[in-house]
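S.K.: The numbering of the sequence shown is our numbering, which starts it at -7 and goes up by one.
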Amino acid sequence: MRCGSIVRKQVARKVPLIRQQSPKILWERSLRTQVAIIGSGPAGLLLGQLLDCYGIDNVILERKDREYILGRIRAGVLEQGTVGLLEEAGVAERLHRDGLVHDGVELCFGGSRYRIDMKAATGGKTMVVYGQTEVTRDLMDARLKVGRETIYDAGDVSLHDFGTDQPKVRYVKDGKTREVACDFIAGCDGFRGVSRLSVPTEAIRMFERIYPFGWLGILSDTPPVSPELIYTNHERGFALCSMRSATRSRYYVQCTNDDHVDNWSDDRFWDELRRRLDPKAAAGIVIGPSIEKSIAQLRSFVAEPMRFGRLFLAGDAAHIVPPTGAKGLNLAASDVRYLSHALREFYNERSHAGIDGYSSKALARVWKAERFSWWMTSMLHRFPDTDEFSARIQLAELNYLVSSQAATAAMSEQYVGLPY
Ligand code: APR
Ligand code: PHB
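Listed below in structure tokens is the structure:
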């Protein structure tokens, strides 16, 4: 059977369903699978889909339900490599129909706007603007179609024995404790998930920076102000004009960390956004009621390593980037690419090379994206200690970026996505 660009393999080995009773805890049902995936965000779902394509059995355990997950609004800029991976997984049809191909972005500072032609600077690479919610929906639908199991509303998920070759995951559903026995556990449960927290503290190192501001974002059913994204450095703070479609816009303004959405009426938001844009964009903004409004904190975070015996971390469970570089989802996808290939190598060739190399390979790419996201954030935001000197340095950097081919090329190759 075909699965994107992959020929789907038959399941590599039989996966029996074991029924088991224990006198103390009632094990209502015990499953056996090859890979137990924790978390049904983009990382877990994409991993499940690619493993399915390779004929590797997997079960997803998710603590929320499908509608809750699809209600989360997140960024939506896909690197070319991420698009390729979604194609490989056979879930890119709607993306190609509804996604908007972008060749560049605009930078706005000092009252003017400048275009960065990323396609020209990278020898033809482009991005696709397609909401993360839609990526998640496509992956969920594809999983339903192939009939792989997702256990929603799985409570108290706990990880066991991942230092041995017989790991297990337990969870509570309908008041009963259940167990999934597996060969590997993939911790794709986001920044606040249980997987990373299950690792002994002495086995893991964490690196973190919390930024002294947030992003207030709104979604509105109004046409985007410009066909490309506008990233703005302004003395009142950062602003971003983005979109989901030709009729739906996503806008952000930098706010303080202790701010609250209740302080922001739609009118106040539109006024503040217009004040931070160049005159033409400010005059061109079409305003309308917000259909979603939220504040996100900005954080850089990396956990090392990303493998602990038979437990692998992928996506936000292992690292967070501030959204300025649009790298969150793309990094989750590159982890999943490395991990799915490593597991395929393990099952097909009985080789440990891929799984042994997973952590260092993934972290090398993660740190480059961390640096890029930190750099974009530093260049575009107003920090509490941004004095006139640092403001001039930011402007000099932006001027250099738009006037030097080398600087434009360096930014572009990172924004469109470094090679795997
Ligand atoms: N048990 C089961 N599921 C859990 C648990 C738990 N203890 N903790 C968290 N989860 C689930 C969450 O409910 C969520 O659905 O794991 C999923 C993690 O999904 P994401 O947070 O979307 O993380 P990830 O899949 O790595 O996606 C990375 O999404 O969050 C954005 O900025 C991020 O764009 C990036 C991308
Ligand atoms: C978004 O559309 O939500 C978005 C786009 C680009 C970013 C961050 C968020 O850098």
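Ideal placement from N, C-alpha and C gives every residue a C-beta, glycine not left out.
#1: Compute the distance between the beta-carbons of Gln26 and Asp175, then report whether it is under 8 Å.
#2: Excluding five sequence neighbours on each side, which residues of the same chain lie with their C-beta closer than 6 Å to the C-beta of Pro297?
#3: Say yes only if the C-beta of Pro315 is nearer than 7 Å to one or more non-hydrogen atoms of ligand 2, and no if none qualify.
#4: For the putative contact between Thr128 and Gly33, defined by C-beta atoms under 8 Å, what is the C-beta separation to the nearest angstrom?
#5: Looking at the structure shown, is Glu200 part of a helix, part of a strand, or coil, going by DSSP?
#6: What residues in its chain sit with their C-beta under 7 Å from that of Glu71, if we drop five residues either side in the sequence?
#7: What does the Cβ neighbour count give for His88, buried or exposed, with the cut at 16 atoms within 10 Å?
#8: Assign Ser396 to one of three DSSP states: helix, strand, or coil.
#9: So with Cβ pairs under 8 Å, would you call Tyr392 a contact of chain D?
#10: Which residues mark the beginning and the end of the beta strand (DSSP E) in which Tyr106 is found?
#11: Just grab the DSSP bridge partners of Ile143 for me.
#12: What does a CB cutoff of less than 7 Å around Gln124 pick up in its chain, not counting 5 residues either side in sequence?
#13: Determine the extent of the alpha helix (DSSP H) in which Glu227 is found, giving its start and end residues.
#14: Taking Gly82 and Ala146 to be in contact with their CB atoms under 8 Å, please state how far apart those CB atoms are, rounded to whole angstroms.
#15: DSSP puts His344 in a beta bridge; with which residues?
#16: Starting from Asp124, trace the alpha helix (DSSP H) in both directions and tell me its first and last residue.
#17: Could you name each continuous beta strand (DSSP E) segment of 3 residues or more that falls completely within the segment 230 to 305, going from the start of the chain to the end?
#18: Can you list, in chain order, the residues of its chain with a C-beta nearer than 6 Å to that of Asp44? Leave out the 5 residues immediately preceding and following it.
#19: Could you tell me whether any non-hydrogen atom of ligand 1 is closer than 7 Å to the CB of Ala67?
#20: Near Val3, which residues of its chain fall below 6 Å by C-beta distance, leaving aside the five closest residues on each side in sequence?
#21: Measure the Cβ-Cβ separation of Leu221 and Leu232 and say whether it is below 8 Å.
#22: Looking at Arg207: is its Cβ nearer than 8 Å to the Cβ of Tyr243?
#23: Report the option in Ile30, Arg329, Thr214 whose CA atom is closest to the CA atom of Pro411.
#24: Met253 and Ser286: beta carbons closer than 8 Å?
#25: What I want to know is whether the C-beta of Arg162 ends up closer than 7 Å to one or more non-hydrogen atoms of ligand 1.
#26: Rounded to whole angstroms, what is the Cα-Cα separation between Tyr106 and Val97?
#27: Is the CB-CB distance between Phe230 and His373 below 8 Å?
#28: For Pro34, verify whether its CB is less than 7 Å away from any heavy atom of ligand 3.
#29: Output the distance between the C-alpha atoms of Ala446 and Asp263, rounded to the nearest integer angstrom.
#30: Output the boundary residues of the beta strand (DSSP E) element that contains Ala100.
#31: Just to confirm before moving on: does the CB-CB distance between Ile177 and Val161 stay below 8 Å?
#32: Hey, could you find the ends of the alpha helix (DSSP H) Arg188 is sitting in?
#33: Which one of Ser187, Gly36, Thr239 has the shortest CA to CA distance from Pro159?
#34: What did DSSP end up calling Cys174 once you bin it into helix, strand or coil?
#35: Rounded to whole angstroms, what's the CA-CA distance from Ser282 to Met368? Just pull it up for me.
#36: So for Thr169, helix, strand or coil by DSSP?
M.R.: Taking the definition as stated:
#1: Your numbering for residue 26 matches position 34 in the sequence shown. Your numbering for residue 175 matches position 183 in the sequence shown. Yes, the Cβ-Cβ distance between Gln26 and Asp175 is below 8 Å.
#2: Counting from one through the sequence shown, the residue named residue 297 turns up at place 305. Hits under 6 Å: Ser351.
#3: Locating residue 315 in the sequence shown gives position 323, where the first residue counts as 1. Yes, Cβ of Pro315 sits closer than 7 Å to a heavy atom of ligand 2.
#4: Mapped onto the sequence shown, residue 128 falls at position 136. Mapped onto the sequence shown, residue 33 falls at position 41. Indeed, because the Cβ distance is near 7 Å, the residues count as touching under 8 Å.
#5: Here residue 200 refers to the residue found at position 208 of the sequence shown. Strand.
#6: Locating residue 71 in the sequence shown gives position 79, where the first residue counts as 1. Met119, Asn322, Val408, Gly409.
#7: Stepping through the sequence shown from its first residue, residue 88 is reached at position 96. By the neighbour-count rule (16 or more Cβ atoms within 10 Å), His88 is not buried but exposed.
#8: If you number the sequence shown from 1, residue 396 lands on position 404. Coil at Ser396, not helix or strand.
#9: Chain labels in this structure do not include chain D; a single protein chain is all it has.
#10: On the sequence shown, position 114 is the one that residue 106 refers to. 104 to 109 is the extent of the beta strand (DSSP E) around Tyr106.
#11: The residue labelled residue 143 in the question sits at position 151 within the sequence shown. The partner list for Ile143 (beta bridge, DSSP) reads Leu53.
#12: Residue numbering aside, residue 124 sits at position 132 when the sequence shown is read from its first letter. Correct list, in chain order: Pro34, Arg66, Ala67, Gly68, Leu321.
#13: Within the sequence shown, residue 227 is the residue found at index 235, counting from 1. First-last for Glu227: undefined, no H or E at that position.
#14: Against the sequence shown, residue 82 aligns to sequence position 90. Against the sequence shown, residue 146 aligns to sequence position 154. Not quite, the Cβ-Cβ distance comes to about 26 Å (not below 8 Å), so this is no contact.
#15: As a position in the sequence shown, residue 344 is number 352, starting the count at 1. Per DSSP, none; premise fails for His344.
#16: As a working mapping, residue 124 is identified with position 132 in the sequence shown. Note on residue identity: the sequence assigns Gln, not Asp, to residue 124. Its alpha helix (DSSP H) spans residues 124 to 138.
#17: 231 to 237, 240 to 247, 282 to 296, 303 to 305
#18: Locating residue 44 in the sequence shown gives position 52, counting from the first residue. Within the same chain, Asp44 has close Cβ partners Val138, Arg140.
#19: Position 75 of the sequence shown, counted from the start, is the residue given in the question as residue 67. True, at least one ligand heavy atom lies under 7 Å from that Cβ.
#20: Counted from its first residue, the sequence shown places residue 3 at position 11. Because Val3 sits at a pLDDT of 41, beneath the cut-off of 50, its placement in the model cannot be relied upon, and the following sentence gives the value as read from the coordinates. Within the same chain, Val3 has close Cβ partners Gly47, Asp49.
#21: Counted from its first residue, the sequence shown places residue 221 at position 229. Counted from its first residue, the sequence shown places residue 232 at position 240. Yes.
#22: Working through the sequence shown from its first residue, we reach residue 207 at position 215. Working through the sequence shown from its first residue, we reach residue 243 at position 251. Reading the sequence as shown, one finds Trp at residue 207 and not Arg. No. Outside cutoff.
#23: The residue labelled residue 411 in the question sits at position 419 within the sequence shown. Nearest of Ile30, Arg329, Thr214 to Pro411, Cα basis: Arg329.
#24: Locating residue 253 in the sequence shown gives position 261, where the first residue counts as 1. Locating residue 286 in the sequence shown gives position 294, where the first residue counts as 1. A small fix is needed here, since residue 253 is Val in this sequence, not Met. For Val253 and Ser286, yes; Cβs fall inside 8 Å.
#25: As a working mapping, residue 162 is identified with position 170 in the sequence shown. Checking every heavy atom of ligand 1 against the Cβ of Arg162, none is found closer than 7 Å.
#26: Your numbering for residue 106 matches position 114 in the sequence shown. Your numbering for residue 97 matches position 105 in the sequence shown. Answer to the nearest angstrom: the Cα atoms are 9 Å apart.
#27: Indexing the sequence shown from 1 puts residue 230 at position 238. Indexing the sequence shown from 1 puts residue 373 at position 381. Cβ atoms of Phe230 and His373: closer than 8 Å.
#28: For the structure depicted, ligand 3 is absent and the ligand set comprises only ligand 1 and ligand 2.
#29: Since the first residue of the chain shown is -7 and the last is 412, residue 446 is not available in this structure.
#30: Mapped onto the sequence shown, residue 100 falls at position 108. A quick correction: the sequence has Cys, not Ala, at residue 100. 96 to 101 is the extent of the beta strand (DSSP E) around Cys100.
#31: On the sequence shown, position 185 is the one that residue 177 refers to. On the sequence shown, position 169 is the one that residue 161 refers to. Cβ atoms of Ile177 and Val161: closer than 8 Å.
#32: For this step, residue 188 is matched to residue 196 along the sequence shown. Neither: Arg188 is in no alpha helix (DSSP H) and is coded neither H nor E.
#33: Counting from one through the sequence shown, the residue named residue 159 turns up at place 167. For Pro159, the nearest C-alpha among the options comes from Ser187.
#34: Residue 174 sits at position 182 when you count from the first residue of the sequence shown. Reduced to three states, the DSSP call for Cys174 is coil.
#35: Residue numbering aside, residue 282 sits at position 290 when the sequence shown is read from its first letter. Residue numbering aside, residue 368 sits at position 376 when the sequence shown is read from its first letter. Taking the straight line from one Cα to the other gives about 27 Å.
#36: In the sequence shown, the residue the question calls residue 169 occupies position 177. Reduced to three states, the DSSP call for Thr169 is strand.
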